[in-house]
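This report refers to the structure that appears directly beneath it.
Right under this line is the structure:
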């Protein structure tokens, strides 16, 4: 995300519009000032770097001094940080190109008999009537082949997908964490193989979703909800996908995102034998 900072001159008294500033929802703040002819002073890319700024404050004016190393991130650094995808041999011709974008795209060699790479993606990850599908590009990026397509009714917001051999049968599954549970599809055909529904209340699946492969080969799915705070572990047992355990850690958030008390995140390698 690029942040643009503007140089501002504060002079004659005036109120600033500010949504949701106080408990009365007056949408006003008591701050005094006036923004007069803002201009672009400098620009910093905050996606993959840290900077040190210094500032000076005097009556009626605040000056912020940017660091000296404000240079754009190179393509190599953007790829290193995952800001832009690396070039891929999409069609199997040996030529590395920028992969065609799509919402929620995941690239891989999913179909061994098909030339090039394949892409799992969505028609939208933010709205109604989304389609989840798999495409191949052996005929060029202008002529993708749709392998399978799954239509979802209702709303889809920020779906989380992992690709893993969930049941250790030698075939990959596309595993989707939804508002109300987890669904696993055969990656080659799009056929639904497993479904576990464990939530009835509303709550968008913002958060995290990962697969942990134990040394025994057993695969454990770990969804962590952010908007609707919950964490759990699922696995396949006796031919069924089921919860090993499930815990709600912020029940107030089911009443609305403004009711939650926690903001959670996941660090590197969050699963292990910690004790």
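In my numbering, the protein residues as written are 4 to 278.
We put the beta carbon where it would ideally sit given N, CA and C, even for glycine.
Everything numeric in this text was worked out from a predicted model, so none of it was measured.
9 Å Cβ cutoff met for residue i and residue j
{"i": "residue 50", "j": "residue 78", "result": "no"}
{"i": "residue 189", "j": "residue 211", "result": "no"}
{"i": "residue 123", "j": "residue 108", "result": "yes"}
{"i": "residue 93", "j": "residue 120", "result": "yes"}
{"i": "residue 48", "j": "residue 75", "result": "yes"}
{"i": "residue 2", "j": "residue 158", "result": "Any property of residue 2 remains undetermined from this structure, which presents the chain solely from 4 to 278."}
{"i": "residue 114", "j": "residue 150", "result": "yes"}
{"i": "residue 199", "j": "residue 137", "result": "no"}
{"i": "residue 106", "j": "residue 129", "result": "yes"}
The ligand ZN heavy atom lying under 8 Å from the CB of residue i
{"i": "residue 52", "result": "Ligands are entirely absent from the displayed structure, and the ligand ZN is therefore not among its contents."}
With 16 other Cβ atoms within 10 Å as the buried cut-off, status of residue i
{"i": "residue 43", "result": "exposed"}
{"i": "residue 182", "result": "buried"}
{"i": "residue 274", "result": "exposed"}
{"i": "residue 135", "result": "buried"}
{"i": "residue 99", "result": "exposed"}
{"i": "residue 66", "result": "exposed"}
{"i": "residue 227", "result": "buried"}
{"i": "residue 45", "result": "exposed"}
{"i": "residue 196", "result": "buried"}
{"i": "residue 174", "result": "exposed"}
Unbroken beta strand (DSSP E) run spanning residue i, endpoints
{"i": "residue 123", "result": "121-125"}
{"i": "residue 38", "result": "Taken as a continuous stretch (DSSP letters only), residue 38 belongs to no beta strand (DSSP E), as it is neither H nor E."}
{"i": "residue 179", "result": "176-180"}
{"i": "residue 188", "result": "184-189"}
{"i": "residue 194", "result": "It is not in any beta strand (DSSP E) - residue 194 carries neither H nor E in the DSSP assignment."}
{"i": "residue 60", "result": "57-61"}
{"i": "residue 213", "result": "210-216"}
Which of helix, strand or coil DSSP assigns to residue i
{"i": "residue 46", "result": "strand"}
{"i": "residue 254", "result": "helix"}
{"i": "residue 262", "result": "helix"}
{"i": "residue 226", "result": "strand"}
{"i": "residue 246", "result": "strand"}
{"i": "residue 24", "result": "Any reading at residue 24 must be qualified, since the residue scores a pLDDT of 46, below 50, and its modelled position is unreliable; no value is offered."}
{"i": "residue 117", "result": "coil"}
{"i": "residue 87", "result": "coil"}
{"i": "residue 274", "result": "coil"}
{"i": "residue 130", "result": "strand"}
{"i": "residue 152", "result": "strand"}
{"i": "residue 169", "result": "coil"}
{"i": "residue 64", "result": "strand"}
{"i": "residue 92", "result": "coil"}
Close-in-space but distant-in-sequence residues of the same chain around residue i (CB under 8 Å, 5 per side omitted)
{"i": "residue 68", "result": "56, 57, 58, 59"}
{"i": "residue 54", "result": "47, 69, 70, 72, 73"}
{"i": "residue 179", "result": "135, 162, 163, 164, 185, 186, 187, 188"}
Residues of its chain near residue i, where Cβ-Cβ distance is below 6 Å and the 5 sequence neighbours each way are ignored
{"i": "residue 148", "result": "139"}
{"i": "residue 142", "result": "none"}
{"i": "residue 154", "result": "134"}
{"i": "residue 170", "result": "239"}
For residue i, the first and last residue of its enclosing alpha helix (DSSP H)
{"i": "residue 240", "result": "Looking at the DSSP string, residue 240 is not in any alpha helix (DSSP H); the run it does join, the beta strand (DSSP E), is 232-240."}
{"i": "residue 79", "result": "78-83"}
Chain-order list of residues whose beta-carbon lies under 7 Å from that of residue i (same chain, five-residue window excluded)
{"i": "residue 247", "result": "236, 237, 238"}
{"i": "residue 263", "result": "232, 253, 255, 256"}
{"i": "residue 216", "result": "222"}
{"i": "residue 111", "result": "120, 121, 166"}
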